[in-house]
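Chemist:
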Amino acid sequence: MSMQKYKVPREIDHGKDGAIFQIAQGIIAKICWGNTVTQKEADIAAKAYEKGISIPIPYGIQPITFPDKKMCGLYANRTFNGFVMEKVEGKTGIQLRNPDEKAKAHILLDREIKKAFREGFIPRDARHPENYILTPNNEIKLFDFAYWTYDPKYPYKIHY
0 MSMQKYKVPR
10 EIDHGKDGAI
20 FQIAQGIIAK
30 ICWGNTVTQK
40 EADIAAKAYE
50 KGISIPIPYG
60 IQPITFPDKK
70 MCGLYANRTF
80 NGFVMEKVEG
90 KTGIQLRNPD
100 EKAKAHILLD
110 REIKKAFREG
120 FIPRDARHPE
130 NYILTPNNEI
140 KLFDFAYWTY
150 DPKYPYKIHY
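The opening position of the sequence shown corresponds to residue 0 in numbering that gives the first Met the number 0, with each subsequent residue numbered one higher.
1. Use the C-beta contact count for glycine 92: other C-beta atoms within 10 angstroms, 16 or more gives buried, fewer gives exposed.
2. Taking Cβ to Cβ, would you say tryptophan 147 is nearer than 8 Å to arginine 123?
3. Roughly how many angstroms separate the alpha carbons of aspartate 16 and histidine 127, rounded to a whole number?
4. What's the call for glycine 14, buried or exposed, on a 16-neighbour Cβ count within 10 Å?
5. When DSSP builds the beta bridges, which residues end up paired with isoleucine 19?
6. Would you report the Cα separation of proline 62 and asparagine 137, rounded to the nearest angstrom?
7. How is arginine 117 classed by DSSP in three states: helix, strand or coil?
8. Isoleucine 54 bridges to which residues according to DSSP?
9. Would asparagine 76 be called buried (16 or more neighbouring beta carbons within 10 Å of its own) or exposed?
10. Kindly indicate the opening and closing residues of the beta strand (DSSP E) around isoleucine 139.
11. Under the assumption that leucine 95 contacts lysine 86 (Cβ atoms under 8 Å), give the Cβ distance between them as a whole number of angstroms.
12. Measure how close the beta-carbons of glutamate 139 and leucine 108 come, nearest whole angstrom, since I'm counting them as under 8 Å.
13. Considering only the beta carbon of each residue, do isoleucine 112 and alanine 125 sit closer than 8 Å?
14. Just the C-alpha distance for aspartate 143 and glutamine 24, rounded to the nearest angstrom, thanks.
15. Within a Cβ cutoff of 6 Å, which residues of the same chain sit near alanine 160, ignoring the five residues on either side of it in sequence?
16. On a CA-only basis, which of Pro151, Asp67, Pro135, Val7 is nearest arginine 117? Give me that one, please.
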């Protein structure tokens, strides 16, 4: 992956497990509190992308360095392992207000989750409204794979 990294990564969101930083145009990195990003999450995302699950393009684990500047706060002069992926534009489930958008998102979300199960994934917490985005092109992108598991020997059949 070739990209022009920003001099200072910009925090664009955070949660209980870590924060999301924009590190280049169209590229973000998830950094977990305590620097605990595991290769497992990156591997699950790579496999899901390979299997055609609708997710941002994953770029793997890369070192993210914060310069020694006031604006970096607690991150200043430190390097963290970040799970790097494509930045997807759109609305998370929480941001959806229009009933038609919500209905469309739920139909697409059900389709992607069923596909994930058929491919051998258990996409835990994929239905959480902070873990998917409805794009302007009416596509669903799933993200946050920390609690997903994968076992190609046991594709799951969903009946609902």
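The beta-carbon is built from N, C-alpha and C at its ideal position, and this holds for glycine as well.
Modeler: With the given structure in hand:
1. Numbered from 1 along the sequence shown, position 93 holds the residue referred to as residue 92. Within a 10 Å sphere around the beta-carbon of glycine 92 sit 16 or more other beta-carbons, which makes this residue buried.
2. In the sequence shown, counting from the first residue as 1, residue 147 sits at position 148. In the sequence shown, counting from the first residue as 1, residue 123 sits at position 124. In this structure, arginine 123 lies closer than 8 Å to tryptophan 147 by Cβ.
3. On the sequence shown, position 17 is the one that residue 16 refers to. On the sequence shown, position 128 is the one that residue 127 refers to. Taking the straight line from one Cα to the other gives about 15 Å.
4. Within the sequence shown, the letter at position 15 stands for residue 14. Here glycine 14 is exposed: its Cβ has fewer than 16 other Cβ atoms, across all protein chains shown, within 10 Å.
5. Against the sequence shown, residue 19 aligns to sequence position 20. Isoleucine 19 pairs with Asp12, Lys29.
6. Locating residue 62 in the sequence shown gives position 63, counting from the first residue. Locating residue 137 in the sequence shown gives position 138, counting from the first residue. Approximately 33 Å between the Cα atoms of the pair.
7. Reading the sequence shown from its first residue, position 118 is the one you call residue 117. Three-state result, arginine 117: helix.
8. One-based indexing of the sequence shown puts residue 54 at position 55. According to DSSP, isoleucine 54 bridges with nothing at all.
9. Taking the sequence shown and counting its residues from 1, one reaches residue 76 at position 77. Answer is exposed; the Cβ neighbour count stays below 16.
10. In the sequence shown, counting from the first residue as 1, residue 139 sits at position 140. Here the beta strand (DSSP E) through isoleucine 139 covers 139 to 141.
11. The residue given as residue 95 occupies position 96 in the sequence shown. The residue given as residue 86 occupies position 87 in the sequence shown. The Cβ separation is near 19 Å, so there is no contact.
12. Along the sequence shown, one-based indexing puts residue 139 at 140. Along the sequence shown, one-based indexing puts residue 108 at 109. In the sequence on display, residue 139 carries isoleucine and not glutamate. With a Cβ gap of about 5 Å, isoleucine 139 and leucine 108 count as contacting.
13. Against the sequence shown, residue 112 aligns to sequence position 113. Against the sequence shown, residue 125 aligns to sequence position 126. In terms of Cβ geometry, isoleucine 112 and alanine 125 form a close pair [threshold 8 Å].
14. Within the sequence shown, residue 143 is the residue found at index 144, counting from 1. Within the sequence shown, residue 24 is the residue found at index 25, counting from 1. Roughly 20 Å separates the two Cα atoms.
15. What the structure shows of the chain is the stretch from 0 to 159, and residue 160 is not part of that stretch, so it cannot be assessed.
16. Within the sequence shown, numbered from 1, the residue matching residue 117 stands at position 118. Checked all of Pro151, Asp67, Pro135, Val7; the closest Cα to arginine 117 is Pro151.
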